[in-house]
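To keep things clear, I will list the structure first and then write my remarks on it.
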Amino acid sequence: MSSPARTTGSDPYVALQATPEFQSLRKKFRGFVFPLTAFFLAWYFLYVLMSIFAPGFMNTVVFGKVTIGLIFGFLQFVTTFAITFYYAKWMNREFDPEADALGASLDHDKGH
Amino acid sequence: MATLTFLAPAATAVGNPTLNIGIFVGFVVVTLGIVIKVASGKKTAEQYYTAAGAFSGRQNGIAIAGDYLSAASFLGIAGAIALRGLDGFLYSIGFLVAWLVALLLVAELMRNTGRFTMADVLSYRLQQRPVRIATSVSVLCVSLFYLLAQMAGAGGLVSLLLGVSGELAQNLVIAVVGAVMVAYVLIGGMKGTTWVQIIKAILLISATAIMTVWVLAKFGFSLSNLFGGAIETTSKSSAEATAKGAERLIEYGVQYGKTTTTKIDFISLSMALVLGTAGLPHVLQRFYTVPTSKQARKSVEWAIWLIGGFYLLTLVVGFGAAALVGPDKINGAPGKQNSAAPLLAFELGGSPLLGIVSGIAFATILAVVAGLTITASATFAHDIYKEVIKKGSTSQDQEVKVARIGAILIGLVAILGGMLAKSQNIAFLVALAFAVAASANLPTILYSLFWKGFNTKGALWSIYGGLISSIGLIIFSPVVSGKPADPKTGLSPSMVTDPSIDFHWFPLDNPGLISIPLAFFLGWLGSKLSKEYNAEKYAEMEVRSLTGHGVAEALNH
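Chains as they are written, first to last, in this note's numbering: chain Y, 191 to 302; chain S, 104 to 660.
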């Protein structure tokens, strides 16, 4: 666990953590991942609960041998792939530039 | 090969045992050659544990798929789908959705704050020694559970491929698998292990894709026709109950919907599956093999595409086995449900395809156990030996040496445990490992990454509470004792097969429903009861976790 050298007294991490830029980055990150997590967990457990408590509905045939439950199962794959794609895109575009800039500012401050 | 094949009465074996073993030996020789070429020689601790973060996100994503798609995924799930239809599919979905927890909440932040092991992150802003000890205990427990499942799988596989269920042959194969896995780890460290996993993932996914296309081609590329075929074959089963219930293959709630207990048990299992992945030490260790959090993100993206794609393929393989092989042959084979996929390969492509699929199934076990061994040995050497016993002062050479000794010890335990556990159901043992990981590891990981008020007391209560409650509930569950005896054999399907010994009082097979919330609660309560708080360390951890600051410096030293 090597941590960058720092002067005693004013800790650069504590200082950066207190800045409005960092607070807004943190808020932005949590504001994005927490609701998304709540959504996919709720959606997953809805599927789990339906498959054991509402088998009649899940086993309704849509066409041929394909049931609502099977489509519901495939939709879990679709949402997982979609969330993965959406998250990566958001992080690359919205989060990384700000996070990188803040990280770099720490090195810059240390330099002088 | 002669020494192995003489054990096999060829008449009862499916396909050609010599060919099956030949392909497996071929895989071992080729991969060992690659491991020696790319990764032999002296290593720093960092190279040994994490390949010094030198892999790209894409390479690591493929390796993650190789690490995660275990024999339980391939043989266990395909077999469960072949015999029980969509109920088996529920496992796949839990195993896949779980990756979103890793992607959104864990992978990148862990990459930014840890370097060698899971305990690096958990002990970051807490008291080093007690937290490292607790984390190490939990890492070793989860890894051993998972290892036993894989080794038991190796034993089951040989009974199918050699057509024997003799103790000696199975134990011999378990010992060989254990020895080869230790060789990979000793020679190649994390770099060698990663390449083995990459090769295995490509082979496994390709072979499954070929079988899928082959099956679909036989049914006019219509899933509905495939299901119809599966139902038709199953309805001709000689077992009356199976034949009558053929339609149930495409129905939910067959196995888990029977009683209130089975329903609650299924919720418990689902919780363990979806929350367990992001607490599996060998999965977390893989995030350290890439240089930055962006590459960790890319790793998980790749892993999700590959793992999700693979589970879709196993659905077709499972129904294909039901349609083309049928429940009678699957149940009559030595490996029972675990033999569905190999039997389908034989049906489609005869002995050559069976040989390829069997060889890949062995390779799968090998790659997964190597990943587990390296993770457990890193914990053994880095957390227990270096940080706890030597208090951080030991030479790199000495640390790597201890890690290698650890790998050998873990290999021995896995071999012996695998010989004892070989009759257990693989998918089921893996599900228990997930339950322990979700209870003992995940709450502490999330708290230390996201909750300011978390402290040492909370961590210890959560880790030990989750570990003791999950393992304790398993011991007193029907898994270990007290399942009603099978009328045919007079033996109980529990681990204790004597039906007169019954000490179970916990009704569920899976402890997750109780132990996971309990571990979260204990983590909260313990933290509230302690005043410990280190503002500087908290700031350092939070800033680094989000900005990735310091990661590059740690690597370029």
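All C-beta atoms in this analysis are idealised placements derived from N, C-alpha and C, irrespective of residue type, glycine included. Since the structure is predicted, the reported quantities are computational estimates derived from the model, not experimental observations.
query = DSSP on S:Thr220, reduced to helix/strand/coil?
reply = Here S:Thr220 sits in coil by DSSP.
Please decide whether S:Thr311 counts as near chain Y, where near means a Cβ-Cβ distance under 8 Å. Under the 8 Å criterion on CB atoms, S:Thr311 is classed as non-interfacial with respect to chain Y.
Next item on the list: Measuring alpha carbon to alpha carbon, tell me which of S:Leu383, S:Asp368, S:Trp298 ends up nearest S:Met213.
Entry: S:Leu383
Exercise. By Cβ distance, which residues of its chain are closer than 7 Å to S:Asn274, with the 5 residues on each side in sequence left out?
Worked result: Met522
Contact set between Y:Ala278 and chain S, taken where Cβ atoms lie within less than 7 Å: Arg400, Glu404
Check your understanding: How would you label S:Tyr194, buried or exposed, when you count the other beta carbons within 10 angstroms and need 16 or more for buried?
Key -> The residue in question, S:Tyr194, is buried, as its Cβ has 16 or more Cβ neighbours within 10 Å.
*Given that S:Val200 touches chain Y, what residues does it touch there, using C-beta distances under 7 Å?*
Phe230, Tyr234, Gln266, Thr270
>> Please tell me whether Y:Ser241 has its Cβ less than 8 Å away from any Cβ of chain S.
In response: yes
Checklist entry - Quick one: is S:Ile196 near chain A, going by C-beta distance under 8 Å? => result As a matter of chain content, chain A is missing from the structure shown, whose protein chains are Y and S.
Under the rule that 16 or more other beta-carbon atoms within 10 Å means buried, what is S:Phe465, buried or exposed? buried
Quiz item: In this structure, what does DSSP give as the bridge partners for Y:Val256?
Solution: Y:Phe253
Length of the line joining the Cα atoms of Y:Arg220 and Y:Arg283: 16 Å
**Prompt:** Distance, Cα to Cα, S:Lys634 vs S:Met644?
**Reply:** 19 Å
- Query: Within the chosen definition, does the segment 607-621 of chain S reach the segment 366-377 of chain S through at least 3 CB pairs nearer than 8 Å?
  - Reply: yes
Could you pull out every residue in the same chain whose Cβ sits closer than 7 Å to the Cβ of S:Asn215, ignoring the five residues on either side in sequence? Ser396, Arg647, Ser648, Gly651, Val654
Any beta carbon of chain Y sitting closer than 8 Å to that of S:Glu149? no
- Task: Please work out which residues of its chain come closer than 6 Å, Cβ to Cβ, to S:Ser572, disregarding the five sequence neighbours upstream and downstream, and give them in chain order.
- Result: Ser618, Leu621
- Message: Assuming contact is defined by CB atoms lying nearer than 8 Å, are S:Gly629 and S:Ser565 in contact in what I supplied?
- Response: yes
Give the secondary structure of S:Ala342 by DSSP, where H, G and I count as helix, E and B as strand, and everything else as coil.
coil
Discussion item. If you reduce the DSSP assignment to three classes, tell me which class S:Leu658 lands in.
Written reply: Annotation note: pLDDT 49 at S:Leu658 (below 50); position unreliable, coordinate value reported separately. Helix.
- Query: How is S:Trp554 classed by DSSP in three states: helix, strand or coil?
  - Reply: coil
Along chain Y, which residues have their Cβ under 7 Å away from the Cβ of S:Phe192?
Gly263
**Message:** Against Y:Arg283, what residues of chain S qualify as contacts under a CB-to-CB distance less than 8 Å, listed in chain order?
**Reply:** Under the 8 Å cutoff, chain S gives no residues; its nearest Cβ is about 12 Å from Y:Arg283.
task = Specify, as a first and last residue, the run of the alpha helix (DSSP H) that S:Trp317 falls within.
result = 270-321
For this session: Quick one: grab the DSSP three-state call for S:Val419.
Result: Of the three classes helix, strand and coil, the one that applies to S:Val419 here is helix, per DSSP.
- Message: Rounding to the nearest angstrom, what Cα-Cα distance links Y:Asp297 and S:Thr392 in this structure?
- Response: 24 Å
Give every residue of the same chain whose Cβ lies closer than 6 Å to the Cβ of S:Ser692, excluding the five residues on either side of it in the sequence, and list them in chain order. Chain S is shown from 104 up to 660; residue 692 of chain S falls before or after that span and cannot be answered.
Chain-ordered chain Y contacts of S:Ala638 [CB-CB under 8 Å]: Val204
Exercise. Does DSSP put S:Leu172 in a helix, a strand or coil?
Worked result: coil
Does the Cβ of Y:Ile261 have 16 or more other Cβ atoms within 10 Å, making it buried, or fewer, making it exposed? exposed
query: Is there at least one Cβ from chain Y nearer than 8 Å to S:Ser373's Cβ?
result: yes
- Task: Assign S:Trp608 to buried or exposed, taking buried as 16 or more other Cβ atoms, counted over all protein chains shown, within 10 Å of its Cβ.
- Result: exposed
- Message: With a threshold of 8 Å between beta-carbons, can Y:Gly254 be considered close to chain S, or not?
- Response: yes
- Kindly give me the distance between the Cβ atoms of S:Ala181 and S:Leu329, rounded to whole angstroms, as I take these residues to be in contact under 8 Å. Not quite, the Cβ-Cβ distance comes to about 14 Å (not below 8 Å), so this is no contact.
_On the CB-based measure, 16 or more other CB atoms within 10 Å of its CB, does S:Tyr636 come out buried or exposed?_
Label assigned to S:Tyr636: exposed.
**OP:** Determine the burial state of S:Leu563: buried for a count of at least 16 other Cβ atoms within 10 Å of its Cβ, exposed for fewer.
**Re:** The Cβ neighbour count for S:Leu563, taken over all protein chains shown within 10 Å, is at least 16; the residue is labelled buried.
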